Structures are given as structure tokens and as C-alpha cells.
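Protein sequences, first through last, are from chains B and E. All letters in the first sequence, in the order written, are residues 24 to 262 by our numbering. All letters in the second sequence, in the order written, are residues 24 to 262 by our numbering. Note sheet for the following structure.
Protein chains: 2
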Amino acid sequence: MELDVAFLPRAGVTDVAVVIDVLRMTTTATTLLQRGMEELVIVADTRAAIALAGETESLLFGERHGLPYPGFHGGNSPVEHAAVDYAGRSAILCTTNGSKAVEAVNSATHVLLGSIVNAKAVARLALELADERITLVCAGTDGDVSLDDVLGAGCIAVEVLANGGELYLTDAAKIALKMALSPDGVFATLAQSEHASTMRELGFAADVDYAARASTLNLVAKRVAREPSRFAPVAVDPL
Amino acid sequence: MELDVAFLPRAGVTDVAVVIDVLRMTTTATTLLQRGMEELVIVADTRAAIALAGETESLLFGERHGLPYPGFHGGNSPVEHAAVDYAGRSAILCTTNGSKAVEAVNSATHVLLGSIVNAKAVARLALELADERITLVCAGTDGDVSLDDVLGAGCIAVEVLANGGELYLTDAAKIALKMALSPDGVFATLAQSEHASTMRELGFAADVDYAARASTLNLVAKRVAREPSRFAPVAVDPL
């Protein structure tokens, strides 16, 4: 089994792709599932998201450049959603970078949403689904590599190593792994990211702390077969 | 001053670009200068390199996929060249990844060749030359991110931080920095790279050890103004 990391989204990913947007899309998506949400539709284009919301009973959540978008039912803050009951609901999630990353890995057989908060669960599900390769795909920020996403990939890589058998790690996977194993620790490393600074400036410091709590959630958003943008929850046994 | 790292070569780099191919092109280039070489011409295309060598008195060094190329005067092993006297000579250097990286950053105002062995010297020269931005450009391996080059970028970033004034580090620069500051140390981290494995398999284990010795050389190959492929040595005061 090969474990690879893409520092930025790229086309042509095969087998299992784990999309990672720690601050904040994939952290928020996992949180929404934990609060009972039955389905998530990930859409990159704002107009398409608004149109889709008008045709369905779905809630519409998201942001542009960190801030809630006018007309949306809610933003992209995990803490905002962490205590709300969404049992039986569905939501459309439209964000700046994470949604584009989901579109980029369309060719993968399985697409999962990974974050630090579900690192263990997503690692175990990825190992279960993969035939030969798991690619951890960092969303990045407008085409630039993001420390928060590479750190998230590293946290998931740690759990893949802990749960997997014989693994071949690419150099990119080794780099991500070293980020997660940095003596600074996950909290301080995440706080050093440019994205964390932006979050603090916008008043979302609590989201950064929340996003750094490793493996607190045991749900994974998994793409529904043959539906490129629909994701449903998979619960992973917390062992 | 901004310090950025490109994990793979990219076009559009401005101001100062430091091309890094630790195993082995930029390590070898620095070694050749230390042995008295007065000029290096970096050429990616093998046929063009051979044609150019036929027209000049230059030596022709390089490799394809790690091994010396037939008809070349020598290979791309720094250890092979480390005791030879090249006073007053010039050489054409034609390698798999490093030469292509030099071509990719053609738009930069200044292009330097950086490695672990001249980390301090290249950091200080880059700071001296830069107006607003230093980009450490990792050569990578056939389009994949290479641990050895990101580690090299980290080693140079450490020296930029030690010598520079107010610096803004991009997330990519912070990731590279963490590689150089890994508790494993530079030797062990370099040895973990895929490229180091290949070198050991091909019988070049000594090159890996040589390439990991930080700041042993105080020369930097600097692109000659308005000559995209010609590099001349600049000696940097060892302070």
C-alpha cells in the first residue's frame, strides 16, 4: 500500500483520495455529520450552490474568504455548528478552497473528507477502502501550500501508519508526517499557520483550537458512489 | 522581506530564486566551484549539452537517472569531483531534474544554486541581492516533491532567519524550516529520502553523507546577468 500526499489539489488521483481543508471546510463537514446531518453536498460555485438550495430543502452553509456569504443559512465555522441539532437534515457546503479540492479529485474511486478532528477514523476507513494507494490531498489556499492542511495530512498519516500493514511512504508523505511529529505539537504548529492568523483576525480563534483536537470525532464524510458532490456519513468504530 | 519555498519548480518567480537539488546537482555545482571551476553552464537537454561541449573546451559532466551519461567527461557525483583540481576550467552540467529547475526560474532577477553544503553562504548572498523576496525552489524528482530538496530549503531558511532582519515566512517556508529542525537531524532526515535510497542502490552512499554536511563550502554559483544558463562563482565571507 502506498501513502502519498498532494500538497495542492491535482487531477488524476486514483483509488482513495482524502481531501483535507483543516481550516475549515473538512473540519466543519465532519462536525455537521456528528450533529446528525444525513447528507452534505459540496459545491465550489456560489451561484450553483444558491440555485441548488432554492430547489431543495437543504440548508446552505459556507464562506467566501473566511466570512459567511450573504443569503446563506450559516457560515463555515465548526464551532458555530458544534452544538446545533441537525438530525435528518441535509446541507450544501460552499467554501473557497475545500470545495474546489473535492472537484479536483473527481477521478478517485473513493473520496473522503479528512481533518485533524477525525484523523483516526478517516485513516481507518481509507485503509479499509484502498486497494493500492491512499492520497491525502491538501486543499491549500488559492493555489498556495497551507501549513494547516499539510499538518492535517501528517496527523492522518500517523494514524495510517498505526493501523496499516506494510506501507510505502512517498517523500511528500514523509514531509507531512514530520510536521505532525514536530516537537512543537499539533496545537502550536496549527497556530503558526497563515490560515490560523487569518482566522484569529476574523474572530474565529476558537475554530483553530477546535480544529487541532485530534480524533475527537469518529465520523467520516464519504462521497456517495457515482454522485461527484454528495457525501454521506460513515461511522468508524472507535478502537 | 518574504521568504517562500516552491516545493516544485514553477514559472514566474521574481527577485531572487535559489534552485535546490541536494542529491545532487547543486551540491556538485558548488563542489566544482570550490575545486577552482571558473564557469558552469547548466543545460537540461542532453543533445544540446553534447553539441555545446563540441564547440567549446568545456568539460561535460552530468547524469541521466543517476548514472553517468556515455560520452560525458564525468558524472554528477560531488565526491567524484571533490579532490580534483579544476582551476581555470569551465564545465557544462547536464542532469535530470536540477537543470530543468534552473530553466523554470528563468524570469527571476537573480538565480543562485543552493544546497546544504553552502546553506550559510547562499542564504547570505540571497539576502544581499534580494529587494523583497527570496524563493527557495526545490528541483523535485520528475514532478514529485523530494524530501532532500525540501530539507535543503529548510537548512537555507534557517540561515536566512539567522542573518536576515524582519522576515515574512510563507507556510511553505515554515514547512521546510520544520524539516531542517526535525529532532532526527539533517543527516538522518536526508538518509530517509527516496533519493538517498536510490543513491545507495547505485553505489553513491558517500554522496549522501557529503551532501548532508551543512555549510562546509563558502561559494555560490550565481547566474551571469543576461545569460540564462551560465553561472560563475561568488565567494561569501565565512563569518
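C-beta atoms are modelled at their ideal positions from N, C-alpha and C, and glycine is treated no differently. The model shown is predicted, which means the values in this text are computed figures rather than measured ones.
- Assess, as a yes-or-no matter, whether the segment 72 to 89 of chain E is touched by the segment 116 to 124 of chain E under the definition of 3 or more beta carbon pairs within less than 8 Å. Yes, the segment 116 to 124 of chain E is in contact with the segment 72 to 89 of chain E.
- The beta strand (DSSP E) enclosing residue 133 of chain B, as first and last residue numbers: In the first sequence, counting from the first residue as 1, residue 133 of chain B sits at position 110. That run of the beta strand (DSSP E) goes 133 to 137.
- Message: For residue 197 of chain B, would you say it is in contact with chain E, using Cβ-to-Cβ distances shorter than 7 Å as the test?
- Response: Taking the first sequence and counting its residues from 1, one reaches residue 197 of chain B at position 174. True, the Cβ-Cβ gap to chain E drops below 7 Å.
- Message: Less than 7 Å between the beta carbons of residue 245 of chain E and residue 150 of chain E, yes or no?
- Response: Position 222 of the second sequence holds residue 245 of chain E. Position 127 of the second sequence holds residue 150 of chain E. With contacts defined by Cβ atoms closer than 7 Å, residue 245 of chain E and residue 150 of chain E do not form a contacting pair.
- Message: Please list the terminal residues of the continuous alpha helix (DSSP H) segment that includes residue 101 of chain E.
- Response: Translated into the one-based positions of the second sequence, residue 101 of chain E becomes position 78. Where residue 101 of chain E is concerned, the enclosing alpha helix (DSSP H) stretches over 101 to 104.
- Message: My output table needs one value for residue 220 of chain E: the three-state DSSP class, helix, strand or coil.
- Response: Locating residue 220 of chain E in the second sequence gives position 197, counting from the first residue. DSSP places residue 220 of chain E in helix when its eight states are reduced to three.
- Task: For residue 254 of chain E, decide whether its Cβ has a neighbour in chain B, counting only Cβ atoms nearer than 7 Å.
- Result: As a first step, residue 254 of chain E is located in the second sequence; it is residue number 231 there, counting from the start. Output row for residue 254 of chain E: interface = no.
- Item | Between the CA atoms of residue 127 of chain B and residue 179 of chain E - distance to the nearest angstrom | Within the second sequence, numbered from 1, the residue matching residue 179 of chain E stands at position 156. Within the first sequence, numbered from 1, the residue matching residue 127 of chain B stands at position 104. Take the alpha-carbon of residue 179 of chain E and the one of residue 127 of chain B: they are about 33 Å apart.
- Which residue from E:44, E:40, E:26 puts its Cα closest to that of residue 162 of chain E? Taking the second sequence and counting its residues from 1, one reaches residue 162 of chain E at position 139. Taking only the C-alpha atoms, the option nearest residue 162 of chain E is E:44.
- Could you name the residues that DSSP lists as bridge partners for residue 82 of chain E? Position 59 of the second sequence, counting from 1, holds the residue named residue 82 of chain E. Per DSSP, E:114.
- Task: Under 8 Å between beta-carbons, which chain E residues line up against residue 38 of chain B? List them in chain order, please.
- Result: Here residue 38 of chain B is taken as the residue at index 15 of the first sequence, counted from 1. Those do not exist, as residue 38 of chain B stays about 17 Å from chain E at its closest Cβ, beyond 8 Å.
- Is it right to say residue 118 of chain E is buried, meaning 16 or more other beta carbons lie within 10 angstroms of its own, or is it exposed? The count along the second sequence starts at 1 and reaches residue 118 of chain E at position 95. The residue in question, residue 118 of chain E, is buried, as its Cβ has 16 or more Cβ neighbours within 10 Å.
- Inter-residue Cα distance where the pair is residue 194 of chain B and residue 201 of chain B: For this step, residue 194 of chain B is matched to residue 171 along the first sequence. For this step, residue 201 of chain B is matched to residue 178 along the first sequence. For residue 194 of chain B and residue 201 of chain B, the distance between alpha carbons rounds to 11 Å.
- Item | residue 247 of chain B versus residue 90 of chain E - alpha carbon distance | If you number the first sequence from 1, residue 247 of chain B lands on position 224. If you number the second sequence from 1, residue 90 of chain E lands on position 67. Cα to Cα, residue 247 of chain B sits roughly 47 Å from residue 90 of chain E.
- Who are the neighbours of residue 30 of chain E on chain B, taking C-beta pairs under 9 Å? Numbered from 1 along the second sequence, position 7 holds the residue referred to as residue 30 of chain E. Here the neighbours are 30, 31, 168, 195, 198.
- Message: I'd like to know whether the C-beta of residue 205 of chain B is nearer than 7 Å to at least one C-beta of chain E.
- Response: The residue you call residue 205 of chain B lines up with position 182 of the first sequence. For residue 205 of chain B, the nearest beta carbon of chain E is closer than 7 Å to its own beta carbon.
- Task: Determine, using beta carbons only, whether residue 202 of chain B comes closer than 7 Å to chain E.
- Result: Translated into positions along the first sequence, residue 202 of chain B becomes position 179. With 7 Å as the cut-off, residue 202 of chain B counts as an interface residue toward chain E.
- Task: Starting from residue 156 of chain E, follow its DSSP beta bridges and name the residues at the other end.
- Result: Numbered from 1 along the second sequence, position 133 holds the residue referred to as residue 156 of chain E. E:25.
- Message: Please report whether the beta-carbon of residue 151 of chain B lies at a distance below 7 Å from any beta-carbon of chain E.
- Response: For the purposes of this step, residue 151 of chain B is identified with residue 128 of the first sequence, where counting begins at 1. No, no contact with chain E.
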